[in-house]
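Trainee: Handing you this structure, nothing more for now.
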Amino acid sequence: MENNNIVANIYLRLFFGSWCIIIGLASLKLYFSRHKNNKWSMFYKKLFKLGDQSKPKINSETILFLQEKLALILGWFGIIAGIIAICFGFRTHI
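For reference, each letter of the sequence shown is one residue, going 129 to 222 in the working numbering.
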């Protein structure tokens, strides 16, 4: 019995998996070079720059900490999703 919902085309799996891995690696590169003085850190600072905060209750250190962890988690999830897509495939719809 074959599952027809899983994409079995290896080229689509390679394309989608590679795309996910590239996005994950870029996110991890942004995370690990956030305190250095290079183009990646400048992009990271512009991406996660805190704007004008109207509410004084919001703690800016907490927000920066959560943004850093979000970049780290999204990077690892991107790499894991790419490996799963390449090895096992993915569903076209639910």
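Glycine is no exception: its CB is placed at the ideal position from the N, C-alpha and C atoms. Treat the numbers as computed from the prediction; the structure is a model and nothing was measured.
#1: Do the CB positions of G145 and I208 come within less than 8 Å of each other?
#2: Determine contact between the segment 137–152 and the segment 163–176, defined as no fewer than three beta-carbon pairs at a distance below 8 Å.
#3: Is it buried or exposed for L158, if we count other Cβ within 10 angstroms and need 16 for buried?
#4: With distances taken from CA atoms, which of F143, S155 and A136 is nearest Q195?
#5: In whole angstroms, give me the CA-to-CA distance for L142 and N187.
#6: Tell me which residue opens and which closes the alpha helix (DSSP H) that K174 is part of.
#7: Could you compute how far the alpha carbon of K197 sits from the alpha carbon of G210?
#8: Roughly how many angstroms separate the alpha carbons of G206 and K167, rounded to a whole number?
Mentor: Taking the structure as given:
#1: Numbered from its first residue, the sequence shown carries residue 145 at position 17. Numbered from its first residue, the sequence shown carries residue 208 at position 80. No, Cβ-Cβ distance for G145 and I208 is not below 8 Å.
#2: No, because fewer than three Cβ pairs between the segment 137–152 and the segment 163–176 fall closer than 8 Å, the two stretches do not touch.
#3: Residue mapping note: residue 158 aligns to position 30 of the sequence shown, counting from 1. Here L158 is buried: its Cβ has 16 or more other Cβ atoms, across all protein chains shown, within 10 Å.
#4: Residue 195 sits at position 67 when you count from the first residue of the sequence shown. The option with the nearest alpha carbon to Q195 is S155.
#5: Stepping through the sequence shown from its first residue, residue 142 is reached at position 14. Stepping through the sequence shown from its first residue, residue 187 is reached at position 59. When rounded, the distance between both Cα atoms is 42 Å.
#6: Translated into the one-based positions of the sequence shown, residue 174 becomes position 46. Segment K167 to L175, the alpha helix (DSSP H) holding K174.
#7: Mapped onto the sequence shown, residue 197 falls at position 69. Mapped onto the sequence shown, residue 210 falls at position 82. Looking at the two C-alpha atoms, the distance is approximately 20 Å.
#8: Translated into the one-based positions of the sequence shown, residue 206 becomes position 78. Translated into the one-based positions of the sequence shown, residue 167 becomes position 39. G206 and K167: Cα-Cα distance of roughly 22 Å.
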